[in-house]
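So the sequences go chain by chain: A and B.
Just so we're aligned: the first sequence equals residues 52 to 320 in the numbering used here.
Just so we're aligned: the second sequence equals residues 52 to 320 in the numbering used here.
Virtual Cβ for every residue (Gly too), placed ideally from N, Cα, C.
There are 2 protein chains.
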Amino acid sequence: MAQLIISRKNDLVKQAAKLGQSASFRRQEGLFLAEGARLCADAADSGAVPARVFYTARAREKYAPYLERILARAQEVFEISEPVAELLSETRSSQGVFCLCRMEAERELSNLPLAHCLALERIQDPGNLGAALRTAEALGVSSVLLAGECCDLYSPKVLRASMGAVFRLPVFFCGALPQALAALHRRGFFSCAAVPDPAALPVTEADFSRPCLMAVGNEGNGLAEETAAACTLRVTIPMQGRAESLNAASSAAILMWEMMRPGRDCREG
Amino acid sequence: MAQLIISRKNDLVKQAAKLGQSASFRRQEGLFLAEGARLCADAADSGAVPARVFYTARAREKYAPYLERILARAQEVFEISEPVAELLSETRSSQGVFCLCRMEAERELSNLPLAHCLALERIQDPGNLGAALRTAEALGVSSVLLAGECCDLYSPKVLRASMGAVFRLPVFFCGALPQALAALHRRGFFSCAAVPDPAALPVTEADFSRPCLMAVGNEGNGLAEETAAACTLRVTIPMQGRAESLNAASSAAILMWEMMRPGRDCREG
Chain A
52 MAQLIISRKN DLVKQAAKLG QSASFRRQEG LFLAEGARLC ADAADSGAVP
102 ARVFYTARAR EKYAPYLERI LARAQEVFEI SEPVAELLSE TRSSQGVFCL
152 CRMEAERELS NLPLAHCLAL ERIQDPGNLG AALRTAEALG VSSVLLAGEC
202 CDLYSPKVLR ASMGAVFRLP VFFCGALPQA LAALHRRGFF SCAAVPDPAA
252 LPVTEADFSR PCLMAVGNEG NGLAEETAAA CTLRVTIPMQ GRAESLNAAS
302 SAAILMWEMM RPGRDCREG
Chain B
52 MAQLIISRKN DLVKQAAKLG QSASFRRQEG LFLAEGARLC ADAADSGAVP
102 ARVFYTARAR EKYAPYLERI LARAQEVFEI SEPVAELLSE TRSSQGVFCL
152 CRMEAERELS NLPLAHCLAL ERIQDPGNLG AALRTAEALG VSSVLLAGEC
202 CDLYSPKVLR ASMGAVFRLP VFFCGALPQA LAALHRRGFF SCAAVPDPAA
252 LPVTEADFSR PCLMAVGNEG NGLAEETAAA CTLRVTIPMQ GRAESLNAAS
302 SAAILMWEMM RPGRDCREG
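This is the structure we're talking about:
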């Protein structure tokens with residue numbers, strides 16, 4: 052039987068709300084807050100064991116199949132009132148399902164699978180990061196490497212935009228990408244720097260028969276110069292219009308698509 | 052010499068703020084508010100004549116080259132105080148440059164250029180709409196058709212995410228897409244419905260040698276069934292992971308890329 056929480060001032064509620072809001076508090080506690088029936092069920096299924104689950108009476112009826120998957124893994128379960136759900140929610144119309152999950156331990160870079168990989172450098176927009184993770188998973192990219200100061204992987208916006216990819220796709224972290232690249236090149240990776248430079252190699256002409264790390268840079272400034280210089284190749288998406296560049300997530304989508312493209316052994320003339 | 056406005060209660064300021072906030076007010080007035088030095092300069096360059104320009108003293112110094120382009124086309128010019136700029140701004144750190152622009156008259160669907168085109172049906176997220184427009188322009192897609200109730204093309208978020216593509220790319224509107232498709236097919240278009248269905252034709256195998264309308268649906272529900280049924284072909288992006296679908300803007304990016312792909316005459320086996 053779930054305990055009922057109706058006060059927004061309850062300590063567990065205050066902690067959960069703060070986990071939704073503060074990246075530094077998430078790091079300190081090693082916990083994050085997931086919201087939404089589907090996302091919480093994805094978290095439970097993928098083994099990001101929900102330490103603590105909160106749901107409203109309305110959600111218990113409406114999202115019963117999801118809650119079953121979630122509660123099978125939960126350690127502590129609380130029913131919450133609608134005002135408490137509103138406090139915890141990031142969205143205007145909350146589904147009333149939340150769980151606290153434990154962050155995974157940071158992966159050793161030496162364990163990065165030797166297969167096509169996306170690297171994002173200093174990505175700032177949570178929507179872009181989440182969408183890129185979602186696309187990476189859908190296209191079968193094996194892992195994602197976050198380099199430098201990116202927005203927080205565990206922010207509610209990233210979790211939502213990723214549609215649960217955060218729970219399934221191995222995400223690695225590194226400080227400066229050039230140093231990481233040196234080690235990855237020794238392991239057999241080659242690397243592509245995505246640059247908005249018409250003189251760079253069109254991505255359609257790159258040879259992806261070896262494991263590739265595709266590096267995409269910050270929304271405003273692209274990749275750091277040192278990073279582009281440290282990559283094996285500079286590749287570009289040929290553009291025809293007056294726009295000078297693409298949105299980071301759209302650009303990453305096209306680059307990953309080319310890297311993973313079915314029938315890619317057919318070489319272009 | 053620009054008139055100075057320091058009161059947030061000034062009628063022109065109140066009107067501009069309301070234009071930033073309300074789609075129905077924008078439609079009623081036939082005006083919209085653009086924000087940012089680069090975006091306002093793009094608007095001026097593309098002939099969306101800024102009827103009225105507002106800038107702060109700080110912006111006049113910092114963005115002089117942009118303001119020159121803007122003021123060359125402006126009908127009325129006002130210097131505003133920082134608090135007024137904050138009121139008008141959609142972002143946390145405003146550049147302090149705004150202009151009111153006149154909406155273009157709605158284009159006749161019969162004038163849709165007979166060339167590759169993107170159709171978006173009931174797209175709800177301004178970030179997705181703006182990113183799709185930006186990608187369409189960058190890849191050389193000739194026009195975009197917005198079908199059904201989409202988010203407002205002239206909302207500040209769409210304008211910003213489009214990076215000015217709104218001012219350069221011809222955007223058309225229609226009600227129900229199936230009816231519009233009937234007329235477009237008669238004119239020589241064929242159409243592709245993008246569906247997350249592994250049984251549909253992989254987009255890599257579609258023949259884009261004739262003018263194609265690529266139809267992408269709503270974020271949550273995809274294309275309406277009637278729309279998918281009215282299209283010539285159902286195409287899909289082959290997926291390998293556990294994700295069932297892509298973000299609408301990422302999906303549109305990959306589909307447009309394939310439609311416009313350089314060297315596409317090389318047919319896949």
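For E86(B), the uninterrupted beta strand (DSSP E) segment begins and ends at L82 to E86.
For V195(B), the uninterrupted beta strand (DSSP E) segment begins and ends at S194 to A198.
For the stretch 278-290 of chain A, residues whose beta-carbon sits nearer than 9 Å to a beta-carbon of chain B comprise I288, P289 and M290. Of all residues in the stretch 241-260 of chain A, the ones placed with a Cβ closer than 7 Å to any Cβ belonging to chain B are P253 and T255, in chain order. Nearest to Q146(A) by C-alpha distance, out of Y117(A), C168(A) and Y205(A), is Y117(A). Neighbours of L160(A) across chain B, judged by C-beta separation under 7 Å, do not exist; the nearest C-beta is about 22 Å away. Secondary structure note for R285(A): its beta strand (DSSP E) is the uninterrupted segment L284 to T287. Under DSSP, P229(A) takes part in no beta bridge, so it has no partner.
Secondary structure at C243(A): strand, using DSSP grouped into helix, strand and coil.
DSSP places Y106(B) inside the beta strand (DSSP E), whose first and last residues are P101 to T107.
In this structure, L190(B) and M307(B) form a Cβ contact; the two beta carbons are roughly 5 Å apart against a cut-off of 8 Å.
Residue nearest to A88(A) within the set F240(A), N61(A), S75(A) and A136(A) is A136(A) (criterion: CA-CA distance).
Within the stretch 104-189 of chain B, the complete beta strand (DSSP E) segments of 3 residues or longer fall at 127-131, 148-153 and 168-172, listed in chain order. The Cβ atoms of L180(B) and C150(B) lie no closer than 8 Å to each other. A Cβ-Cβ separation of about 12 Å leaves V128(A) out of contact with C91(A) under the 8 Å criterion.
In terms of Cβ geometry, L163(A) and E188(A) do not form a close pair [threshold 8 Å]. Sixteen is the threshold: since fewer than 16 other Cβ atoms of the shown chains lie within 10 Å of the Cβ of P249(B), the residue is exposed.
Here DSSP, grouped into helix, strand and coil, assigns C91(A) to helix.
Q175(A) is the residue among Q175(A), T186(A), S140(A) and C225(A) whose C-alpha sits nearest the C-alpha of N272(A).
Counting C-beta atoms within 10 angstroms of its own C-beta, A280(A) has fewer than 16 neighbours from the protein chains shown and is therefore classed as exposed. Residue pairing of P207(A) in beta bridges, as defined by DSSP: absent, with no partner found.
Taking 7 Å as the Cβ-Cβ cut-off, the stretch 168-192 of chain A approaches chain B at G178, A182, R185, T186, E188, A189, L190 and G191, given in chain order. Linking Q79(A) to L204(A) through their CA atoms gives a straight-line distance of about 15 Å.
Between the C-alpha atoms of L122(A) and Y106(A) there is a straight-line separation of about 10 Å. Contact of I57(B) with chain A by beta-carbon distance below 7 Å is absent, the smallest such distance being about 31 Å. One thing to note: A244(A) has its Cβ within 8 Å of the Cβ of L274(A). When secondary structure is reduced to three states using DSSP, Q54(A) falls in the strand class. The criterion of a C-beta distance shorter than 8 Å is not satisfied by L82(B) and C168(B). Residue contact check for R312(A) against chain B: a CB pair falls below 8 Å.
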